[in-house]
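The block underneath contains the structure these notes are about, expressed in structure tokens.
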Amino acid sequence: MADFASRALTAHVIGYERFSIGNTACPIYNGAILASENDVIVVSADHRLNIFGFPGALSVDANLGLLDQRLTLEWTSENIKAFGGDPDRIIILGQSADGVSVDMMAYAYPDNPIAHAIISHSGVASSGVGAGARKSAMAMNWNKASSNAGCDNETVDASASMACMRATTTEEILAAVIPIARSSLASGFGSVVDERRNNKIMLA
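Just so we're aligned, residue 92 is where the sequence shown starts under the working numbering, counting upward by one.
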């Protein structure tokens with residue numbers, strides 16, 4: 092048996108679909124089989140999805156779900172030794188929209204990626220970003236959701252719209268999002284280019 096302390100770490104950022112559904116409780120994302128059949132430690136973590144992780148509001152220029160994923164990697168790097176892992180041998184992997192997120196990590200933090208390798212299955216960063224058109228679509232969906240929730244949309248008063256949405260319950264926001272999701276194959280919310288960073292390809 093290999094030395095436990097020398098094991099690589101596979102950090103499966105999260106299993107989810109279309110930036111909108113999924114969590115670590117889903118059996119297909121259970122890391123027990125991967126860990127039992129390979130010399131790895133598996134870490135899974137949930138993060139914000141749908142409108143909560145990728146709001147698309149022009150007044151919130153950030154992909155909160157991707158920032159959650161980054162925080163997961165930072166925590167893992169700082170604490171994995173306590174579980175017998177090696178912080179210098181972290182691999183992140185994902186499939187579909189999760190694969191898009193994993194690939195985005197390679198662009199978002201080129202000076203400090205934390206992970207030494209990525210496995211992006213059936214999803215890459217370029218398939219998750221539609222430049223200006225996508226950002227406009229996300230903003231439009233945010234405005235639809237805020238209007239559905241009884242809040243003025245950003246075209247009326249951006250600060251008032253955001254304040255109202257923050258005071259709205261999770262259940263009310265989800266109810267406001269459902270009509271948008273029904274009109275699309277996806278949830279209507281996903282990653283957009285974050286203008287606060289010099290690297291315009293990305294994202295977090």
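We treat Cβ as the ideally placed atom computed from N, Cα and C, and that holds for glycine. Remember, predicted model here, so these are calculated numbers, not experimental data.
Beta-carbon proximity list for residue i, same chain, < 6 Å, skipping 5 on both sides
| i | result |
| --- | --- |
| SER213 | GLN186, SER187 and GLY190 |
| PRO178 | SER168 and ILE171 |
| ASP194 | SER211, VAL215 and ALA216 |
| VAL268 | ILE142 and ALA236 |
| ASP243 | ALA251 and SER252 |
| THR259 | ALA240 |
| ALA230 | GLY147 and LEU149 |
| PRO201 | none |
9 Å Cβ cutoff met for residue i and residue j
| i | j | result |
| --- | --- | --- |
| PHE143 | SER282 | no |
| GLU245 | SER150 | yes |
| THR163 | ALA123 | no |
| ARG161 | MET196 | yes |
| ASP285 | ALA153 | yes |
| ILE181 | ALA206 | yes |
| ALA240 | MET256 | yes |
Nearest to residue i (by Cα), restricted to the options the options
| i | options | result |
| --- | --- | --- |
| PRO270 | THR260, THR259, CYS255 and SER238 | SER238 |
| ILE132 | ALA254, ILE119 and SER168 | SER168 |
| ASP248 | ASN234, THR259 and THR260 | ASN234 |
| ILE183 | PHE174, GLY175, GLU165 and ALA173 | GLU165 |
| GLY176 | ASP130, ALA116 and PRO201 | ASP130 |
| ALA228 | ASP202, ALA254, ILE209 and PHE145 | PHE145 |
Residue i: first and last residue of the uninterrupted beta strand (DSSP E) it sits in
| i | result |
| --- | --- |
| SER211 | 208-212 |
Residue i: first and last residue of the uninterrupted alpha helix (DSSP H) it sits in
| i | result |
| --- | --- |
| ASP130 | Premise fails: ASP130 is in no alpha helix (DSSP H) and is neither H nor E. |
| ASP248 | 245-257 |
| GLY156 | 155-170 |
| ILE119 | ILE119 -> no alpha helix (DSSP H), and no H or E assigned at all. |
| ILE142 | 141-144 |
Beta-carbon proximity list for residue i, same chain, < 7 Å, skipping 5 on both sides
| i | result |
| --- | --- |
| ASN232 | GLY147, ILE271, GLY279 and PHE280 |
| ARG139 | LEU155, GLY156 and ASP159 |
| SER192 | VAL104, LEU157, GLN160 and GLY185 |
Close Cβ partners of residue i (< 8 Å) along its chain, the five nearest in sequence each way excluded
| i | result |
| --- | --- |
| SER218 | VAL191 |
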